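Some notes on the structure that comes next.
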Amino acid sequence: MKILYRYIIKEHIGPFVMSLSVIMFILLMNFLVKYIGQIFGKGLSAWVIIKLIIFNLAWMFALAVPMATLVAVLMAFGRLSSDNEITILKSSGISLYRIIRPALFAAFVLMLAMIFFNDRILPESNHQAKLMFRSIRQKKPTLQLEPSIFYTVDRYTIVVNRIEKPLPDEWLDLANLLGPEYRGKPETDRLVDVTIFDQSDAKADVTITAEEGYMTYSPAKKSLVFTLFRGEFHKMDRQKTGEYERSLFEKQVVYIPAEEFLYEERKDTDRSDREMTVSMMRRKVEYFRNQIQIRQKNFTNITDQNLAGLQRLILKSDSVQATSVDSLWAGISENKWKAAYHKAKRVVDRYYNQAKTNTKFIDMQKRAVNKYLVEIHKKFSIPFASIVFVLIGAPLGIRARKGSMGVGISLSIGFFLLYWVFLIGGEDLADRGLITPFWAMWGANIIVGLAGIYLTWKTVKETSFIEWDYWIGKLKFWQKKTDKRQKETSG
């Protein structure tokens, strides 16, 4: 029997790896198409882009594994059924339950591995991906100068009349002039007729012109560095327009602050629910539940105090010791009654606003609890889908009797979309507080799992999933009955 189990599991390995690769490729292409404008064209290094893709592969892997399991089961059992190996095993006295057992065992092991992955690896990957996306969004694209185009960086404006690519020998001649920081950078262009307008000084306007120069970015100084040759320096005081300064230079280095041109990975301790482990989220849930209890207790005490104060306000009378309602009315003048009425109304409005604020706060805390509980259940329910998909895929694969990847992927996409619709819909309902987080995340597994058990039972009994003859007979009977009633009505 061990040989048979190893054989059945081996039949699943190839389709699983192949389908997992295909699904991961599709998800990766969708990710790149969606974020291509944010990733590329920012002057990022290849290593930064690779790291970003690797971190985002984690959530793709978490989604792809259950779907790949369904494809593998459909293809494996479809191939065994099409080659009549299922029939041979059943004729040898081996039940279909025992044939499916190794696939269920493999799915169980895979489920445990994915639970660990979703709890330990996926949150950290999501956190690092979020930080990288934040850094990339804050980084401006590398400045690419074009002739006769004005570029503004911070409080500096730059314009270049012509840009030339330096020849290797010309670069070697000028390398010693640029200094050691710029040696070995032959990609630097020669800028001809450069003008820089400097408005960083609130008291003066500075204009720098040069016949030629070079621009590089210095990560150490976080600045654009312009090395200019044979130029002029002009400075005019804004307050004293009569004062004007002009000087010549053979070589001048201008630093323009440009921190946003540098990609820097940032650290952040703030994490969302998808960036937390189960233990982190349980601590959050406990914290919010304690906040709800404290607020409810305080709200109850405040309500009791407010009601008591309101009662004292209504019954208070300086001139009359009221022994009955009639005597209370008789002892209060109309002006005092109106004043007491307005005062009571203000007090009631204040109490109402307090109650409204407390109710809103408690509702927000409950929503936060539901959000974290949904994510906790999700870390277990999605891996458990591998077992559910075995129950669905095995009978469908046997009935399909085809082991092609096209059939496997087509059926798996349909069931996976159905499963995902239940999952997303349940999460939305749980966030609104309409259903509990447990049913939101496990409802899809329960429904699809029960359907899989039913299909497996029908396959073992070698009966059709739906008794078409029975329902067709029922429809014919109802049709005849309807026609008979119509004839009696018309007659």
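Heads up, the sequence shown is in this note's numbering, so the first residue is 1349 and it goes up one at a time.
All C-beta atoms in this analysis are idealised placements derived from N, C-alpha and C, irrespective of residue type, glycine included.
In this text the structure is predicted, and so the values were computed from the model without any measurement.
Taking its Cβ as the centre, do 16 or more other Cβ atoms sit within 10 Å of Q1600, making it buried, or is it exposed?
Against the sequence shown, residue 1600 aligns to sequence position 252. The residue is buried, with at least 16 neighbouring Cβ atoms inside 10 Å.
Whole angstroms is fine: what's the gap from N1378's alpha carbon to V1370's?
The residue you call residue 1378 lines up with position 30 of the sequence shown. The residue you call residue 1370 lines up with position 22 of the sequence shown. Computed Cα separation, rounded: 12 Å.
Which residues bound the alpha helix (DSSP H) around T1807?
Mapped onto the sequence shown, residue 1807 falls at position 459. P1785 to V1808 is the extent of the alpha helix (DSSP H) around T1807.
Contacting residues, own chain, Cβ-Cβ under 7 Å from S1571 (five flanking each side not counted):
By 1-based counting over the sequence shown, the position of residue 1571 is 223. Y1603, I1604, P1605 and A1606.
Measuring alpha carbon to alpha carbon, tell me which of K1583, L1444, F1388 and S1440 ends up nearest E1810.
If you number the sequence shown from 1, residue 1810 lands on position 462. In terms of CA proximity to E1810, L1444 leads the group K1583, L1444, F1388 and S1440.
R1538, enclosing beta strand (DSSP E) - first and last residue:
Along the sequence shown, one-based indexing puts residue 1538 at 190. R1538 to D1546 is the span of the beta strand (DSSP E), which, as asked, contains R1538.
Span of the beta strand (DSSP E), counted from its first residue to its last, around Q1600
Stepping through the sequence shown from its first residue, residue 1600 is reached at position 252. Where Q1600 is concerned, the enclosing beta strand (DSSP E) stretches over Y1592 to P1605.
Inter-stretch contact at 8 Å, needing at least 3 Cβ pairs: the segment 1454 to 1469 / the segment 1731 to 1743
Yes, since at least three Cβ pairs between the segment 1454 to 1469 and the segment 1731 to 1743 fall closer than 8 Å, the two stretches touch.
Cβ-Cβ separation, A1410 to L1470 (assumed contact under 8 Å), whole Å:
To locate residue 1470, count along the sequence shown from 1; it is residue 122. To locate residue 1410, count along the sequence shown from 1; it is residue 62. That belief holds up - the Cβ atoms of L1470 and A1410 are roughly 6 Å apart, short of 8 Å.
Could you pull out every residue in the same chain whose Cβ sits closer than 7 Å to the Cβ of G1532, ignoring the five residues on either side in sequence?
The sequence position of residue 1532 within the sequence shown is 184, counting from 1. In this prediction, G1532 scores a pLDDT of 39, lower than 50, which makes its location untrustworthy; the coordinate-derived value is nonetheless stated afterwards. So no residue of the chain qualifies.
Which residue from F1770, I1448, V1808 and L1739 puts its Cα closest to that of I1801?
Here residue 1801 refers to the residue found at position 453 when the sequence shown is read from its first residue. It is L1739.
Between the alpha carbons of A1294 and V1808, how many angstroms are there, rounded?
Because the chain spans 1349 through 1839 in this model, residue 1294 falls outside it and cannot be assessed.
Rounded C-beta distance between T1707 and D1467? I'm assuming under 8 Å.
Counting from 1 along the sequence shown, the entry for residue 1707 is found at position 359. Counting from 1 along the sequence shown, the entry for residue 1467 is found at position 119. In fact, because the Cβ distance is near 35 Å, the residues do not count as touching under 8 Å.
Closer than 7 Å, CB to CB, is Y1700 near chain E or not?
Of the protein chains in this structure there is only one, and it is not chain E.
How many Å lie between P1495 and V1396 at the Cα?
Here residue 1495 refers to the residue found at position 147 when the sequence shown is read from its first residue. Here residue 1396 refers to the residue found at position 48 when the sequence shown is read from its first residue. P1495 and V1396: Cα-Cα distance of roughly 30 Å.
Locate the beta strand (DSSP E) running through E1560, then write down its first and last residues.
In the sequence shown, counting from the first residue as 1, residue 1560 sits at position 212. Start and end: A1552 to S1566.
When DSSP builds the beta bridges, which residues end up paired with V1501?
Along the sequence shown, one-based indexing puts residue 1501 at 153. BP columns for V1501 point to Y1504.
Reducing DSSP to helix, strand and coil, say where N1432 ends up.
By one-based count along the sequence shown, residue 1432 stands at place 84. N1432: coil per DSSP, three-state reduction.
Based on the DSSP output, what are the partners of S1571 in its beta bridges?
Taking the first residue of the sequence shown as 1, we reach residue 1571 at position 223. The partner list for S1571 (beta bridge, DSSP) reads S1566 and P1605.
To the nearest angstrom, how far is the alpha carbon of V1421 from that of L1765?
If you number the sequence shown from 1, residue 1421 lands on position 73. If you number the sequence shown from 1, residue 1765 lands on position 417. For V1421 and L1765, the distance between alpha carbons rounds to 17 Å.
Proximity winner among L1539, R1747, G1774 and A1799, relative to R1427 (alpha-carbon distances)
For the purposes of this step, residue 1427 is taken as residue 79 along the sequence shown, with counting starting at 1. The option with the nearest alpha carbon to R1427 is R1747.
Residue burial classification, H1725 (beta-carbon count within 10 angstroms, cutoff 16):
Translated into the one-based positions of the sequence shown, residue 1725 becomes position 377. Classification of H1725: buried, given that the 10 Å Cβ count is 16 or more.
Buried versus exposed, by CB contacts within 10 Å (16 or more), K1855
Coverage of the chain is limited to positions 1349 through 1839, which leaves residue 1855 absent and any answer about it impossible.
Buried versus exposed, by CB contacts within 10 Å (16 or more), V1413
Sequence index remark: in the sequence shown, residue 1413 carries index 65 (1-based). Buried, since its Cβ has 16 or more Cβ neighbours within 10 Å.
Give the secondary structure of R1715 by DSSP, where H, G and I count as helix, E and B as strand, and everything else as coil.
As a working mapping, residue 1715 is identified with position 367 in the sequence shown. Correct three-state label for R1715: helix.
Between A1742 and T1804, how many whole angstroms is the CB-CB distance? I'm expecting something under 8 Å.
Residue mapping note: residue 1742 aligns to position 394 of the sequence shown, counting from 1. Residue mapping note: residue 1804 aligns to position 456 of the sequence shown, counting from 1. Between T1804 and A1742 the Cβ distance is about 6 Å, and since that is below 8 Å, they are a contact.
Work out the CA separation of R1833 and S1429 for me, nearest whole Å.
As a first step, residue 1429 must be located in the sequence shown, where it is residue number 81. As a first step, residue 1833 must be located in the sequence shown, where it is residue number 485. Their backbone Cα atoms lie some 49 Å apart in a straight line.
When A1799, Y1767 and V1722 are compared against T1784, the one with the closest alpha-carbon:
Counting from 1 along the sequence shown, the entry for residue 1784 is found at position 436. Closest by alpha carbon: V1722.
Limits of the unbroken alpha helix (DSSP H) element including G1385
Counted from its first residue, the sequence shown places residue 1385 at position 37. From DSSP, the alpha helix (DSSP H) with G1385 extends over K1350 to I1387.
So I1469 is in the alpha helix (DSSP H); what residue range does that whole segment cover?
On the sequence shown, position 121 is the one that residue 1469 refers to. It is not in any alpha helix (DSSP H) - I1469 carries neither H nor E in the DSSP assignment.
Please name the residue in F1770, A1778 and A1692 whose C-alpha comes closest to that of V1796.
Residue mapping note: residue 1796 aligns to position 448 of the sequence shown, counting from 1. When only C-alpha atoms are compared, the closest one is F1770.
Would you grab the beta carbon distance between L1375 and M1408 for me? Rounded to a whole angstrom, and I think it's under 8 Å.
Residue mapping note: residue 1375 aligns to position 27 of the sequence shown, counting from 1. Residue mapping note: residue 1408 aligns to position 60 of the sequence shown, counting from 1. The pair is a contact, with the Cβ atoms about 4 Å apart (cut-off 8 Å).
On a CA-only basis, which of K1714, Y1383 and A1416 is nearest F1364? Give me that one, please.
Stepping through the sequence shown from its first residue, residue 1364 is reached at position 16. Closest by alpha carbon: A1416.
My assumption, with CB atoms under 8 Å, is that G1774 sits in contact with A1799. Please give the rounded CB distance.
For the purposes of this step, residue 1774 is identified with residue 426 of the sequence shown, where counting begins at 1. For the purposes of this step, residue 1799 is identified with residue 451 of the sequence shown, where counting begins at 1. The pair is not a contact, with the Cβ atoms about 16 Å apart (cut-off 8 Å).
Could you have a look at D1858 and say whether DSSP puts it in helix, strand or coil?
Past the edges of the chain, shown from 1349 to 1839, lies residue 1858, and the structure says nothing about it.
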